[in-house]
Every structure is written in C-alpha cells, then in structure tokens.
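Colleague: Residue numbers (the numbering used here): 230 to 1071. Let me give you the structure first, and then I'll get to my questions.
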C-alpha cells in the first residue's frame, strides 16, 4: 500500500475523480477535517444534488402510488459532468411541476366527481324511500314521540317542534360513512327526543368508477317538522362529517330531472377524468423508465463533489491537491486511468501522482473475488488484519468448513446443504438481477460458497462417522461377530422370554467379537446397532477433537513465526515463539502423541508393548490420569504386571490400577524433564523480551514498538504489563483452548443423538407398521420427518455448529498470531456506493 499525493487541474478534477470512482482502487484522505462543512468549496453543488435527490424521490413515490413497475438501469451509467447539472435540474423541475399540476387537477376533479356521485346516489335512494311510504311512517313516529316529549318549565310542550296529524314534514338527505351510521342514529334520537325520523340505505360501489373510495358510504334521510330541529340536525351532521345534499327537490318530477342532469354531468366529468389519468399514466411511465438512471447519476455527482471537498486547493485556485492510499500493485492501473481522464477533459496539463514516504499505518487491502470474499468477511468480522500481518483467510477456506463438519458430520444432512448451495450458485445471475433486499435471504445467498464447502466436508466427515440420517452403510462388510449363539436366540424367541430377549441386545466386546481387520473406511457399521456404541464413539471423537484442536493451535503458532520474521524481530522469534512452541509441544503435542501411540500399539487382547507385558484393554493407559500425574509429578511404577517374562501367555499377576502405571520405559524421567522445561519457558516468555528491549534503549539503539505493544516511545512498564498479559493468556489459554475444542466431540454427539431420536421416535413408526395403513403412515410421517430434519437438524443445528466453528477460529486459532487492529481499505467506488444505495450491502 502506497500513500500518494495527487495533483489535478481544476478543469480535469471532476472527470478524474469520477473515473477513479469507476475504477474503485483509491482511498482518499480528508485533508479538510477541521473545516466546517458549510465552508467547503463544493457545498453549493452538494445542496443542489440533495434537492435533485428530493425531487427524484417525490417522482418515485408518485410512480409507486400508481403501481407502475420501475425497471433497473441495465447499462453502465457514466457520471454526468457539472455542466449537465443545469439540464438535470431543469428536467426534474419541469417534470415535478407537471406532476404537481396533474395532481392538483385530479384532486379537483375527484372532489367534483364525488359530490356529483353522492348527489346521484341520494336522489336514487330518496326516491326509493319515499315511494315506500317512509313519509307517512315518519309522521306516525314523530306523533308517537310527541306524547313522550319533554315538558317545559311552564308546563307546555314546545309548540315550535310539534307536528300536527295533517301537517307536512321537511326532510334533508346526504351521505355518511357506514361505520358511523349507528352512532349517528343514536345521537339524532337522543338530541331530538325522537322528533326526527331517520332512515338509511347502503350505497353499492360502482365497478367502473374512476376513483375507488376506501370507506363505504350510506345514504341517510331525515324527517323533521321545525326550523329549530333542522339546526340541531345540521350540527350533528357536521360533527359526523356527513355530506348533505342541499336543495333536494320535494317533488318526484323535479328529482327525476335533477337525476338526469346529474348523470349527464357525471358522464362529461368521467371523460375529463379518464383523459387526465391517461395523461398522468403516460408521464409516470416515461419517468419510470429513467428514474433509476437519474438516481445513479445524482448519486455519482454528489459522491464526486463530496470527494472533491476532501482536497486542498492551491493559492492560485488552478490546482487541487489530494492525498490517497493506493495498492502498490495497482499504481500503474491508476496512472492509466488518470491519463484517460485527462484526455476526456481536454486539459493540456497531465495529472501528477507522486508516492509519499510516511510513517502512518496504511490500510489493509485484500484482492478478493466472489468466492474468497465471504471467507475474508468471516475473518474481518473479528478484526481487520494489521498492515502486512499474515492473513488467516486462505487457511480459513479449508479449516472453517472442516471444523464445522466435524461437529455436523452426517452424509444425508451434508447432501441437503450441498443441494441448497448449488441452487444459489446455479441461479446466481437471476438472483443478482432480482436485487432481493431480504436480510435473511441475502445472508444465506452471500454465504453460498461457505455452505457448499460445509456441505462437502459434512459428507466427508459423515462418511468417516459412517452416519447418514443416523443410519450406517455397510459397503465393505464387517469383521465383528455376534457373541450370542443362534440356538440361544431361537430358545428365547420360541419361549417368548422377554427378559432373556432384553439380555440379548447386541453389545460388542473387542476381546470376543472382533475377528479380523478394521473396516476399510470410517466407522464399522456394526456399531450403529450396538448397545454400547457410545462407549466406542465417545472416546474416539473426544480424542480426535483434542488432536484437531492442538494441531490447529500449533499451526496458528507457526504462522506467528511468519509475522515475527517479516517484522525482523529476532527477539520475538527466540524468546517468544520458541518458548511458546516448547510449552505447547512438551505438554499438549506430547498428549497427542500418546493418543496416537495408544491407538496403534495397544490392542484389545494381551500383547507385548514397548517391551512390557500388556494384559488387555482393561489395562490400556488412562491418558487423563496420566496427564494429571505428570503435573503433580506423581508417577506409578513401570509395567502392567509383576511378571518379568515377555511371553504374554505365561501366568502373571496384574498390578492394581494397571491403567495408570508407566507404559513405556523411562516415562517418569521424560515427563519430569518435559514439565520442568515447560515451566521454565514461562519466565522466559515473561521477562526476557522486556529487559532486552530496555537494554537496547539504554544503549541508545532505536527500538521499534509495535502498535499492540504500546504507542509512542518505549515505556518499560507498558511493555512489561503487555508481556505479562500475553504470557498468562498463552499459558492458561493452552489449557482452556484445548478443553474448548472438546465442543467438536460434544456437538457431534448431540447432532448424532438428535438425528437418531428423530428416526427412532418418528420415521420408524411408519416403517414398522404393515399394510395399507403403514404405507399411508410412512408417507405422512416422511413429510414430517423431512420438515423436522431440515428445520432442526440442518438449519438450527447447522447454525449452532457454524457459531461454534466461528468462535474456535476467532479465539482458539487466531489468538496465536492475529492482531486484528488494522484499518480497512475503503476505496472510493461507485459500484459499492450504488449497492449501499440500493440496500444490497450494509
């Protein structure tokens, strides 16, 4: 990574920055951090871009409200020049004003249409209600209400609200929302004491109406006898937002003429409305074709001006000066891009790009593709690599899915993951074109290559475990034999002796059942049906987890050597790396060697092992007790038996607790030496480096203090505290991290047991039921089994194994060599800005 100084002529600056944005390889430094944003040179241009962005969003809202499809911009859209801003602003303002006028006209037409439509509905419903004799009913109802009318203080009923049997009634009509009708009637009744007669009728919506109202309306007809009641009714109507049709004619003939006239006016208004809406549709369709292009153009304009605001301007104001980080391997590419931009601008003066020497920490740059990007993301989620620090991502491509698969190992479930990942990969172009913004979907889609590798490794480890949906596959034949005779089985079945049948459950004992060679690949399938299978699988998986964990920690420690050599820090090589390697090797790698030797040399039957008589598997060394005894410097005697003869067939007497005795000559002396050296490595790691650095400082030598050792000049106290923390962390971490890797065994066991439970408790019900009922039950149960397998065993268990693998890489593996305190390389890139704008990246 190189820090460069860039000199751009004012005329060529915009085009040059725009071309660099298309290239996406330059990270600009802000040279105006202390300058107010209102005082920067291009603040007015940015405001204009903000205004254009607001206008585009307003247009886009109108398009979406009209349910018009907005196509994506298919071709690569170049950044417009500053001189094009006036044209863009004019076109946006013109389009906005046109849409605003159309909207205003449409609202006015809508109000007139609804008023005429309400008048039409009222005239129709009033005629029907009056033809039904509602006026007579109203008179009768009001007369009955007068009997119970309230008495005034003088003892008489208000004469102005009384109606005589032969008197005429007034009425008003209008429309009200249906959900308010019941409350409207109650209020009218209570305020007027029954002296107003109310009738309502629902309005059926018209199918071809140009405006669809969300609320449903009803026509109301109110009969009353006096002006005072009319005032009350008007107030109630106003309170309920009811629309009254004024001057509704009393005679049927007048109402009929008014209805015909209203129909004619509605037809004329419909013609105008449809013409207006068609014009609006044409304008919005035309805008929809370009709105995404406009968004990208304004986004590029605004981002270029933001970037130019980071530059300094020379005193002549003819040159812009920028500082930027560029990957050293891409310098020639960037220079070619600047030359091309100079030609486009027509400038006579070429842009100048100079490399500047600096002591600043450069950002960390990784050249990635769509496959490696997701694995680098896994590493970067923990922390960005320090500059020139070794990057764990290349090894994570293999180790991460492998560690996941050790916990997830199942051939069937791994195949489901492979099929899911392949579906994402095969339809990659269509999914990219769809620009799906769902966060969960994008999580799975972004990790499609990780899921593919996790599935492949799950199939591999599943073949090692010989596990497919909790069942084993017998391809090569088993050399384990059933220890029970056929006659005993027949006797138990014929006598139907349940207790005896229970005793005949298959249990495999190496001394009696194994009569041949090991299974060709993976776990022997006979263990799948053995009652004591966990006694075999648990120790195997547990010890394998320890070996895998210590191997990965050792590899991480070796990678730290690469960092020290690159930094030319021989103090770290001799007094940090080598003591750490000795500490890890003499205790934990020694434990792994013991595990492998126990697997290889200690059979199930009696034998001679390392020159000692070995009675059988019950005397196999207990490695856990042996490790504890090593730390306590408490060792048993040599040998498993008292006999000195090397013929295992002779009679001998076994020692008590033969499994915790020394199992190779000189074991006690060797382990004592290992433990002493390992303990001595701790003060070497703790004290030597700080005191050597202090001696260098006293001699006047320049000491380079790394960022993680402290900042600024050398401080012995800071370095000592830092070294103490890391020494304690490493020594205790070797123990805790080794124990942490046992999660590989634990999750593998949990996954296998849960899969076994799902098969035995669910799917096996259908398989063990005969006849047509069994067929139907099997089909139904298979569907439930498939859903639960995918949702629980693949998704939930897969997520659990993924998170555990993530922790093992971040903490147990990367803590051995990875700082993760780097600065990310964030170049000015139009492609990335567009993805952020579209919500495809976060």
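Just so you know, even glycine gets a beta-carbon here, dropped at the ideal spot from N, CA and C. Remember, predicted model here, so these are calculated numbers, not experimental data.
Do residue 621 and residue 1043 come within 9 Å of each other at the CB atom, strictly closer than that value?
Modeller: Your numbering for residue 1043 matches position 814 in the chain shown. Your numbering for residue 621 matches position 392 in the chain shown. Going by C-beta atoms, residue 1043 is nearer than 9 Å to residue 621.
Colleague: Just verifying my parser: in three-state terms, what is the DSSP assignment at residue 912?
Modeller: Taking the chain shown and counting its residues from 1, one reaches residue 912 at position 683. In the structure shown, residue 912 sits in a helix (DSSP, three-state: H, G or I).
Colleague: How about residue 350 and residue 448: are their beta carbons less than 9 Å apart?
Modeller: The sequence position of residue 350 within the chain shown is 121, counting from 1. The sequence position of residue 448 within the chain shown is 219, counting from 1. Yes, the Cβ-Cβ distance between residue 350 and residue 448 is below 9 Å.
Colleague: Alpha carbon to alpha carbon, what distance is there between residue 254 and residue 854?
Modeller: On the chain shown, residue 854 is found 625 positions in, with the first residue counted as 1. On the chain shown, residue 254 is found 25 positions in, with the first residue counted as 1. Straight-line Cα distance between these residues: approximately 58 Å.
Colleague: For residue 588, report the span of its beta strand (DSSP E) as first-last.
Modeller: Stepping through the chain shown from its first residue, residue 588 is reached at position 359. Residue 588 -> no beta strand (DSSP E), and no H or E assigned at all.
Colleague: Just how far apart, CA to CA, sit residue 996 and residue 1002?
Modeller: In the chain shown, residue 996 corresponds to position 767, counting from 1. In the chain shown, residue 1002 corresponds to position 773, counting from 1. If I take the Cα positions, the gap works out to 11 Å.
Colleague: Does the beta carbon of residue 658 come closer than 9 Å to any beta carbon on chain D?
Modeller: Annotation note: the requested chain D is absent from the structure, which comprises a single protein chain.
Colleague: Closer than 8 Å is the cut-off here; do at least three beta carbon pairs connect the region 505 to 514 with the region 290 to 297?
Modeller: Yes, the region 505 to 514 is in contact with the region 290 to 297.
Colleague: Considering residue 438, what are the terminal residues of the alpha helix (DSSP H) in which it resides?
Modeller: Within the chain shown, numbered from 1, the residue matching residue 438 stands at position 209. Here residue 438 belongs to no alpha helix (DSSP H), and DSSP marks it neither H nor E.
Colleague: Mark residue 828 as exposed unless 16 or more other C-beta atoms lie within 10 angstroms of its C-beta, in which case mark it buried.
Modeller: On the chain shown, position 599 is the one that residue 828 refers to. Residue 828 comes out exposed.
Colleague: Among residues of its own chain, excluding the 5 on either side of residue 259, which ones have a beta-carbon nearer than 7 Å to its beta-carbon?
Modeller: Here residue 259 corresponds to residue number 30 of the chain shown, with the count starting at 1. Excluding residues within five positions, the ones whose Cβ falls inside 7 Å are 539.
Colleague: For residue 277, count the other beta carbons within 10 Å of its own beta carbon; 16 or more makes it buried, fewer makes it exposed. Which is it?
Modeller: Reading the chain shown from its first residue, position 48 is the one you call residue 277. Label assigned to residue 277: buried.
Colleague: Ends of the alpha helix (DSSP H) at residue 418?
Modeller: Taking the chain shown and counting its residues from 1, the one referred to as residue 418 is at position 189. Start and end: 410 to 421.
Colleague: Tell me residue 506's beta-bridge partners as DSSP assigns them.
Modeller: Taking the first residue of the chain shown as 1, we reach residue 506 at position 277. According to DSSP, residue 506 bridges with nothing at all.
Colleague: Is residue 578 buried or exposed, if buried means 16 or more other CB atoms sit within 10 Å of its CB?
Modeller: To locate residue 578, count along the chain shown from 1; it is residue 349. Exposed, because fewer than 16 other Cβ atoms sit within 10 Å of the Cβ of residue 578.
Colleague: Would you report the Cα separation of residue 662 and residue 948, rounded to the nearest angstrom?
Modeller: On the chain shown, residue 662 is found 433 positions in, with the first residue counted as 1. On the chain shown, residue 948 is found 719 positions in, with the first residue counted as 1. Taking the straight line from one Cα to the other gives about 54 Å.
Colleague: For residue 552, write down the residues that DSSP places opposite it in a beta bridge.
Modeller: Counted from its first residue, the chain shown places residue 552 at position 323. DSSP output for residue 552 lists 234 as bridge partner(s).
Colleague: Label residue 905 either buried or exposed according to how many other C-beta atoms from any shown protein chain fall within 10 Å of its C-beta, with 16 as the threshold for buried.
Modeller: Residue numbering aside, residue 905 sits at position 676 when the chain shown is read from its first letter. Classification of residue 905: exposed, given that the 10 Å Cβ count is below 16.
Colleague: Once the 5 residues before and after residue 309 are set aside, which same chain residues still bring their CB inside 7 Å of it?
Modeller: In the chain shown, residue 309 corresponds to position 80, counting from 1. Excluding sequence neighbours, residue 309 sits near 317, 526, 530.
Colleague: I need the straight-line Cα distance from residue 988 to residue 1022, nearest angstrom please.
Modeller: Counting from 1 along the chain shown, the entry for residue 988 is found at position 759. Counting from 1 along the chain shown, the entry for residue 1022 is found at position 793. Cα-Cα distance, rounded: 12 Å.
Colleague: CB residue 811 to CB residue 887, shorter than 9 Å?
Modeller: Working through the chain shown from its first residue, we reach residue 811 at position 582. Working through the chain shown from its first residue, we reach residue 887 at position 658. Not a contact, by the Cβ cut-off of 9 Å.
Colleague: Using a 10 Å radius around the Cβ and a threshold of 16 neighbouring Cβ atoms, would you call residue 456 buried or exposed?
Modeller: Locating residue 456 in the chain shown gives position 227, counting from the first residue. Exposed, since its Cβ has fewer than 16 Cβ neighbours within 10 Å.
Colleague: With a cut-off of 8 Å, do at least 3 Cβ pairs link the region 1049 to 1063 to the region 653 to 662?
Modeller: These segments do not touch.
Colleague: To the nearest angstrom, report how far apart residue 992 and residue 288 are at their CA atoms.
Modeller: In the chain shown, counting from the first residue as 1, residue 992 sits at position 763. In the chain shown, counting from the first residue as 1, residue 288 sits at position 59. Each residue's Cα considered, the two are about 57 Å apart.
Colleague: Cβ atoms of residue 471 and residue 403: under 9 Å apart, would you say?
Modeller: As a working note, residue 403 is residue 174 in the chain shown. As a working note, residue 471 is residue 242 in the chain shown. Against a cut-off of 9 Å, the Cβ pair of residue 471 and residue 403 comes out as a contact.
Colleague: I believe residue 881 touches residue 842 by the beta-carbon criterion, under 8 Å. Please report the beta-carbon distance rounded to the nearest angstrom.
Modeller: Walking along the chain shown from the start, residue 881 turns up at place 652. Walking along the chain shown from the start, residue 842 turns up at place 613. The pair is a contact, with the Cβ atoms about 6 Å apart (cut-off 8 Å).
Colleague: Residue 623: which of 985, 600, 466 sits nearest, CA to CA?
Modeller: Counting from one through the chain shown, the residue named residue 623 turns up at place 394. Of the listed residues, the one whose Cα sits closest to residue 623 is 600.
Colleague: Taking the CB atoms as reference points, tell me whether residue 352 and residue 466 lie closer together than 9 Å.
Modeller: Walking along the chain shown from the start, residue 352 turns up at place 123. Walking along the chain shown from the start, residue 466 turns up at place 237. Going by C-beta atoms, residue 352 is not nearer than 9 Å to residue 466.
Colleague: So, are the CB atoms of residue 355 and residue 458 less than 9 Å apart?
Modeller: For this step, residue 355 is matched to residue 126 along the chain shown. For this step, residue 458 is matched to residue 229 along the chain shown. Not closer than 9 Å, so no.
Colleague: Compare the Cα-Cα distances from residue 545 to each of 239, 919, 958, 1016 and report the closest residue.
Modeller: Walking along the chain shown from the start, residue 545 turns up at place 316. Closest by alpha carbon: 239.
Colleague: Near residue 765, what residues of its chain come up, given a Cβ to Cβ distance below 7 Å and the 5 sequence neighbours on each side ignored?
Modeller: To locate residue 765, count along the chain shown from 1; it is residue 536. Cβ neighbours of residue 765 beyond the five flanking positions: 756.
Colleague: Return the chain-ordered list of same chain residues with a C-beta closer than 6 Å to the C-beta of residue 1083, the five sequence neighbours on each side being excluded.
Modeller: A question about residue 1083 goes unanswered here, because the residues of the chain that appear run from 230 up to 1071.
Colleague: Express the C-alpha separation of residue 782 and residue 1041 in angstroms, rounding to a whole number.
Modeller: Within the chain shown, residue 1041 is the residue found at index 812, counting from 1. Within the chain shown, residue 782 is the residue found at index 553, counting from 1. Cα to Cα, residue 1041 sits roughly 7 Å from residue 782.
Colleague: Assign residue 912 to buried or exposed, taking buried as 16 or more other Cβ atoms, counted over all protein chains shown, within 10 Å of its Cβ.
Modeller: Here residue 912 refers to the residue found at position 683 when the chain shown is read from its first residue. It counts as exposed.
Colleague: Verify whether the separation of the beta carbon atoms of residue 536 and residue 246 is less than 9 Å.
Modeller: Counted from its first residue, the chain shown places residue 536 at position 307. Counted from its first residue, the chain shown places residue 246 at position 17. Result yes, Cβ atoms of residue 536 and residue 246 sit closer than 9 Å.
Colleague: Return the residue from the list 571, 847, 822 that minimises the CA-CA distance to residue 834.
Modeller: In the chain shown, residue 834 corresponds to position 605, counting from 1. When each option's Cα is compared against that of residue 834, the closest is 847.
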